[in-house]
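Colleague: Take this structure first; my questions come after.
Residue numbers (our numbering), protein chains in the order written: chain A, 980 to 1259; chain B, 3 to 669; chain C, 103 to 246.
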């Protein structure tokens, strides 16, 4: 697939169909795939594709420095491609002004990333072209919220204690925010002062509030790529929080972020029949 | 800011009975930022207000907190008092220690006192972050657009024009007059519909303040209250109505007579060049492309030859014109439920079993109006369509569509009970030996003189009323066999009728949804336009500067439609009564530099007051997109603030800073 | 719980319904415990989840958010938007183990002064029973 990918990208760059390819290349430091931005046809051989291509590259589409490189081609897995739908719904990208190269994918990471167990998008939807064949079915995917449901077996007090511990470990590096394709605000709420809605110090209280905020800002928007959790230097499992909101969106509104661009986002819309039972 | 004056009111005994006012005042004086704290028996009284004014000046106060009753009671009072002393009124807040403290908690208890101090502290915290605001001023174009030239639109236009405002009246048919122009006589007085309407139509046509666009439609609406830009499509008429003298020689000489007459609901044919009806306004003809030989086969051209005024123009094109208005009145009226089996929307199931469209003598009530009308196809004699015979037995069926969930319409069409009673009467007056039968569900005759009218139809004019539904109509030997039930008698009823008249449900006019989307109006599941409040704002809509009247809002009869039209005109007059619009400045605004342009706020705003806007540099290159609030439309609910992830939108009066400061002052 | 524990309850209420209900409770002299602090906002649509967290951080033992009934919103739809956010937010709170039985949502119209009285009385009693929200207050005081 790497060869095919390189040939396609060479052609796209040569023809001037795109000015930059956002793809994976080998890092000189650790030999693992890292994001690279290929601008010349001669450089396409730096592109690779393998099972370690974890990063969700769509996060770069909204960055000014990347936009300045010209029309992009972007390499996406099925899970990554869902972020494109959200970005398009939220007017962050012009889907017609980019070329999306979908990679058929049987799963990434060793051991396999947790998200891959419940993957139902081995072949990216709505890509401009797909490289590779759909992997042979290896049995049904796990239920999507299995990890969360297991966590919810704990009592509320245990859950609180768990997050208190996680908040205590958080160093507020904001890697989770930086890597997230749908965290694209030019000025994040934590960086706002007058008023400072959120305390920026790395105290348990402030970190707790940060994780509530980060998660809730993803309500109905997180596409479950899991990058926040993968890049967290202290290993906080933010997927659990993301999943709880994804499951809520699914259960209450039949909504799964990034699966259908025609369905209006659930925040900013409402239903007369939305659940009432918890309201006095 | 650090010079806050706190004025604590006793409200006679109402507040003072719960606190030691001196102690309370001392506690409040300790709150950081408070320059002076004073208590007085009645702050809202003139001496109380004078005290506030005096302290604002002497202490050079930068903001004021009045701790007394609910802001719903006296915020305006105290803001005015502050303004009189030269302090911006938006730097005044109230701490509600009466309704929400002294009246509901145990006097002198520690917790009660603590709560009062806390309420005042929160309010001091808030007012520290208040900003001086000026009312928003919006320029105002004092002209109105009225959409729809039926009786409601005519009434609204005349009321506005008579009060001195220019009116742009847009009607999509070739003449104004609407449904009412085709009616025979009107309940409950039986005055002739045309006799009362046509003078009003003429008035519209001749009024110096009314610019009439017939055979025209609203193409687009831009702008907002006070400042709407309307584009109107004048459809090609092929007759220059400025040149035309209205001699109607073209109409007399046109050899074609093939097209069904719209005005007579297909009961007669009309010519290819025609005036919809003799009293039309404007009384100018129009050429129907679909039946004119010139257009169909490039033959004829008689009208062109006979027209002395050179008004015929076969090359006529649609024209777009623009008009600036400050307010819009929508009066687009109704149409009838399609009774036949085929429906444009599967939800409406139709009435195939009644044979409408299949049997020529099964007609709807608007067609029957034409048969009763002196200007109608039969000159006012009741003759049935199939053979022109005078029907001796006529069955009227009410609620055809209405109140019938199975057919998709649960609502009552309101006017059918009355006009059906009228139909039986008028029929009896014209056919003395005839018998009218009515199938009905309930008789709803609420209205001045309405119940008496129905009783007269039954008791004096002998209409026979059967409470029940009709299940089927078939045709046998030139008779219509109507099979129904009389649930009061508990027996099936079969009537051999000569004519059947169906009182079909009222539905909003076609195209109203497209119009609603252009103007940004809400509508219900049936397409009726939504008022702003069903009781207190019945002709306003949630779009500022747009008003509704007549049957576009819900089924209604002529008096109601006219009353509502006058109400809508009155609302426009209120709007136009000022030199410019001033609005409360407590509205949202966007920090355009930090806005991520995700437009969650745009999707959320209940008033469509937020737009997607572009920020361009001096060279005109797009720098970024941003949300932008139109302060003329924002009502200040703040829902946008809650959904903005980066808090790049904020609401004056309840800003993030103010609220966070309040929470900081809570405990 | 210690006898003298006084629950701290913060209520974010809309200006047009629940605030007026609280006013009416005053006019009708309907007594209720003084533990509630009322913050007047234009609409429940304005109440962001950050405010609920902020109130807990400030030491609240319970938070109330209350506004107009569905269909009665002064701004047509602010409460519908709020309701939808609450549905989602509650699930997040559950996952984080925050005591959702200390966070109350209600619809109280301008006429329902009795409902306001009863609700605040009930919540105060309930929280008095449950005790202070120590778990959250501890993180507010703790440093990493």
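Ideal placement from N, C-alpha and C gives every residue a C-beta, glycine not left out. Nothing here was measured: the structure is a model prediction, and the numbers come from that model.
For residue 218 (chain C), tell me which candidate among C:189, C:204, C:131 has the shortest Cα-Cα distance.
Modeller: As a working mapping, residue 218 (chain C) is identified with position 116 in the third chain. Residue C:131 is the option with its Cα nearest to residue 218 (chain C).
Colleague: Write down every uninterrupted run of the alpha helix (DSSP H) in the stretch 385-430 of chain B whose length is 4 residues or greater and which is fully enclosed by it, in chain order.
Modeller: Counting only runs of 4 or more, we get nothing.
Colleague: Give me the residue from B:468, B:131, B:299 with the minimum Cα distance to residue 439 (chain B).
Modeller: The residue given as residue 439 (chain B) occupies position 437 in the second chain. Selected option, being the one with the closest Cα: B:468.
Colleague: Taking the straight line between their C-alpha atoms, what separation do you get for residue 539 (chain B) and residue 178 (chain C)?
Modeller: Taking the second chain and counting its residues from 1, the one referred to as residue 539 (chain B) is at position 537. Taking the third chain and counting its residues from 1, the one referred to as residue 178 (chain C) is at position 76. Looking at the two C-alpha atoms, the distance is approximately 13 Å.
Colleague: Answer with yes or no whether the minimum CB distance from residue 1248 (chain A) to chain B is below 8 Å.
Modeller: On the first chain, position 269 is the one that residue 1248 (chain A) refers to. Judged by the 8 Å Cβ criterion, residue 1248 (chain A) is in contact with chain B.
Colleague: Strictly by DSSP, which residues pair up with residue 614 (chain B)?
Modeller: Position 612 of the second chain holds residue 614 (chain B). DSSP lists B:629 as partners of residue 614 (chain B).
Colleague: Going along chain C, which residues have a C-beta under 7 Å from residue 12 (chain B)?
Modeller: Indexing the second chain from 1 puts residue 12 (chain B) at position 10. Simply none; closest approach about 16 Å.
Colleague: On the criterion of 16 or more Cβ atoms from any shown chain inside 10 Å, does residue 258 (chain B) qualify as buried, or is it exposed?
Modeller: Position 256 of the second chain, counted from the start, is the residue given in the question as residue 258 (chain B). When all chains shown are included, residue 258 (chain B) counts as buried.
Colleague: Residues of the stretch 1123-1148 of chain A with a CB closer than 9 Å to any CB of chain C: list them in chain order, please.
Modeller: Cβ contacts with chain C: 1127, 1130, 1131, 1133, 1134, 1135, 1136, 1137, 1138, 1139, 1140, 1141, 1142, 1143, 1146, 1147, 1148.
Colleague: Assuming the contact rule is C-beta atoms closer than 8 Å, residue 484 (chain B) and residue 523 (chain B) should be a hit. Round their C-beta distance to whole Å, please.
Modeller: Counted from its first residue, the second chain places residue 484 (chain B) at position 482. Counted from its first residue, the second chain places residue 523 (chain B) at position 521. With a Cβ gap of about 41 Å, residue 484 (chain B) and residue 523 (chain B) do not count as contacting.
Colleague: On the DSSP letters alone, give me the boundaries of the alpha helix (DSSP H) that residue 30 (chain B) sits inside.
Modeller: Locating residue 30 (chain B) in the second chain gives position 28, counting from the first residue. Counting along the chain, the alpha helix (DSSP H) containing residue 30 (chain B) begins and ends at 23-31.
Colleague: Can you list, in chain order, the residues of its chain with a C-beta nearer than 6 Å to that of residue 294 (chain B)? Leave out the 5 residues immediately preceding and following it.
Modeller: What you label residue 294 (chain B) is simply residue 292 of the second chain in a count that begins at 1. Same-chain partners within the cutoff: 274.
Colleague: Give me the Cβ distance between residue 1191 (chain A) and residue 1179 (chain A), rounded to the nearest whole Å; I'm assuming they're in contact under 8 Å.
Modeller: Here residue 1191 (chain A) is taken as the residue at index 212 of the first chain, counted from 1. Here residue 1179 (chain A) is taken as the residue at index 200 of the first chain, counted from 1. Not a contact, Cβ separation roughly 15 Å.
Colleague: Which whole runs of the beta strand (DSSP E) in the stretch 1048-1085 of chain A are 3 residues long or more, in chain order?
Modeller: You should have 1051-1055, 1078-1082.
Colleague: Determine contact between the stretch 1198-1211 of chain A and the stretch 196-203 of chain C, defined as no fewer than three beta-carbon pairs at a distance below 8 Å.
Modeller: Judged by Cβ distances under 8 Å, the stretch 1198-1211 of chain A makes no contact with the stretch 196-203 of chain C, as fewer than three pairs qualify.
Colleague: Quick one: is residue 533 (chain B) near chain A, going by C-beta distance under 8 Å?
Modeller: As a first step, residue 533 (chain B) must be located in the second chain, where it is residue number 531. Chain A, which has no Cβ nearer than 8 Å to the Cβ of residue 533 (chain B), makes this no.
Colleague: With respect to the beta strand (DSSP E) encompassing residue 50 (chain B), which residues constitute its N-terminal and C-terminal limits?
Modeller: For this step, residue 50 (chain B) is matched to residue 48 along the second chain. Per DSSP, residue 50 (chain B) belongs to no beta strand (DSSP E); it is in the alpha helix (DSSP H), 48-60.
Colleague: Buried or exposed: which applies to residue 107 (chain B), given that a residue is buried once 16 or more other Cβ atoms fall within 10 Å of its Cβ?
Modeller: Here residue 107 (chain B) corresponds to residue number 105 of the second chain, with the count starting at 1. Buried is the call here.
Colleague: Please confirm whether residue 602 (chain B) and residue 645 (chain B) have their CB atoms less than 8 Å apart.
Modeller: As a working note, residue 602 (chain B) is residue 600 in the second chain. As a working note, residue 645 (chain B) is residue 643 in the second chain. Yes.
Colleague: Of all the options B:555, B:266, B:473, B:446, which has the alpha carbon lying nearest to the alpha carbon of residue 675 (chain B)?
Modeller: The question about residue 675 (chain B) has no answer, for chain B in this structure spans 3 to 669.
Colleague: Give me the residue from A:1174, A:1252, A:1061, A:1144 with the minimum Cα distance to residue 1240 (chain A).
Modeller: Position 261 of the first chain holds residue 1240 (chain A). The shortest C-alpha separation from residue 1240 (chain A) is found at A:1061.
Colleague: Does the Cβ of residue 321 (chain B) have 16 or more other Cβ atoms within 10 Å, making it buried, or fewer, making it exposed?
Modeller: The residue given as residue 321 (chain B) occupies position 319 in the second chain. Exposed, because fewer than 16 other Cβ atoms sit within 10 Å of the Cβ of residue 321 (chain B).
Colleague: Of the residues C:220, C:192, C:182, C:123, which one's Cα is nearest the Cα of residue 154 (chain C)?
Modeller: If you number the third chain from 1, residue 154 (chain C) lands on position 52. Residue 154 (chain C) has its Cα closest to that of C:192, out of C:220, C:192, C:182, C:123.
Colleague: Cβ of residue 482 (chain B) within 8 Å of Cβ of residue 502 (chain B)?
Modeller: Reading the second chain from its first residue, position 480 is the one you call residue 482 (chain B). Reading the second chain from its first residue, position 500 is the one you call residue 502 (chain B). Contact: yes.
Colleague: Once DSSP output is grouped into helix, strand and coil, what is the label at residue 171 (chain B)?
Modeller: Taking the first residue of the second chain as 1, we reach residue 171 (chain B) at position 169. Strand at residue 171 (chain B).
Colleague: What would DSSP say about residue 68 (chain B), mapped onto helix, strand or coil?
Modeller: As a position in the second chain, residue 68 (chain B) is number 66, starting the count at 1. DSSP places residue 68 (chain B) in strand when its eight states are reduced to three.
Colleague: Roughly how many angstroms separate the alpha carbons of residue 227 (chain B) and residue 631 (chain B), rounded to a whole number?
Modeller: Your numbering for residue 227 (chain B) matches position 225 in the second chain. Your numbering for residue 631 (chain B) matches position 629 in the second chain. Their backbone Cα atoms lie some 14 Å apart in a straight line.
Colleague: When the Cα atoms are used, what is the spatial distance from residue 185 (chain B) to residue 379 (chain B)?
Modeller: Here residue 185 (chain B) refers to the residue found at position 183 of the second chain. Here residue 379 (chain B) refers to the residue found at position 377 of the second chain. Using only the alpha carbons, I get a separation of about 13 Å.
Colleague: So, residue 1064 (chain A) versus residue 984 (chain A), is the Cβ gap smaller than 8 Å?
Modeller: Translated into the one-based positions of the first chain, residue 1064 (chain A) becomes position 85. Translated into the one-based positions of the first chain, residue 984 (chain A) becomes position 5. No.
Colleague: Can you list the residues of chain B that residue 1176 (chain A) reaches, using a CB-CB cut of under 8 Å?
Modeller: Sequence index remark: in the first chain, residue 1176 (chain A) carries index 197 (1-based). Residues of chain B passing the Cβ test: 649, 658, 662.
Colleague: Is there a Cβ from chain A that is less than 8 Å from the Cβ of residue 198 (chain C)?
Modeller: Translated into positions along the third chain, residue 198 (chain C) becomes position 96. Yes, residue 198 (chain C) lies at the interface with chain A (some Cβ there is under 8 Å from its Cβ).
Colleague: Unbroken alpha helix (DSSP H) runs of length 4 or more, entirely within the stretch 546-613 of chain B: which are they?
Modeller: Correct list: 560-578, 602-606.
Colleague: Where does residue 675 (chain B) sit, in a helix, a strand or coil, going by DSSP?
Modeller: Lying before the first or after the last residue shown, residue 675 (chain B) is absent from chain B, which here runs from 3 to 669.
Colleague: Distance, Cα to Cα, residue 1096 (chain A) vs residue 598 (chain B)?
Modeller: Locating residue 1096 (chain A) in the first chain gives position 117, where the first residue counts as 1. Locating residue 598 (chain B) in the second chain gives position 596, where the first residue counts as 1. In a straight line, the C-alpha of residue 1096 (chain A) is about 34 Å away from that of residue 598 (chain B).
Colleague: Taking 8 Å as the CB-CB limit, is residue 627 (chain B) close to chain A?
Modeller: Your numbering for residue 627 (chain B) matches position 625 in the second chain. So yes, residue 627 (chain B) belongs to the interface.
Colleague: Compare the C-alpha of residue 585 (chain B) against each of B:529, B:156, B:521, B:139 and name the closest.
Modeller: Along the second chain, read from residue 1 onward, the residue named residue 585 (chain B) stands at position 583. For residue 585 (chain B), the nearest C-alpha among the options comes from B:139.
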